[in-house]
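Worksheet for the structure shown next.
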Amino acid sequence: RWNESSIEVVGPLETSAPDPAERAVVGQESARARAMLDTLPEKQRLAISARIDEGLSFREIASLIGSSEGAARVNYFHGIRRLRELME
30 RWNESSIEVV GPLETSAPDP AERAVVGQES ARARAMLDTL PEKQRLAISA RIDEGLSFRE
90 IASLIGSSEG AARVNYFHGI RRLRELME
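For the working numbering, count along the sequence shown from 1 and bump the result up by 29.
Set out below in C-alpha cells:
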C-alpha cells in the first residue's frame with residue numbers, strides 16, 4: 030500500500046535549457062560559422078558539412094568527395110582547424 034507521508038517535496042527543477050539571450054548568441058555564432066564555412070576550399074567544406082550535418086563516416090565522405098578515406102579525414106580536420114582560426 031502506498032503511503033502519502035513518504036512523498037518528499039523538493040524545490041523547482043533546474044533546467045539546462047538556454048534562455049533567449051543564450052539562444053540568440055548561439056544562433057549568431059552558428060550563422061558566423063556557416064558564413065566562414067563558405068570561405069573554405071570545396072573538399073573541406075563538403076567534408077565538414079557531411080560529417081556534422083549528415084553524420085557520415087569518413088569512408089562515406091571519401092566516396093562523396095572522390096578521395097581516399099585518409100584524404101577525407103585530412104580535409105575535415107584542416108577545415109575545422111581553419112574555422113577555429115577564423116572564429117578567434
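Using N, Cα and C, we set each Cβ at its ideal position, and we do this for glycine too.
On the DSSP letters alone, give me the boundaries of the alpha helix (DSSP H) that residue i sits inside.
i    : result
S119 : The chain is shown from 30 up to 117; residue 119 falls before or after that span and cannot be answered.
L115 : 98 to 116
L93  : 87 to 94
Which of the three DSSP states, helix, strand or coil, is assigned to residue i?
i   : result
G84 : coil
Rank the options by C-alpha distance to the C-alpha of residue i and give the top, closest one.
i    : options              : result
P70  : E114, E51, Y105, E89 : Y105
L115 : G56, R52, A64, D48   : A64
R110 : L66, A50, V55        : L66
E117 : E51, R61, D48, L93   : R61
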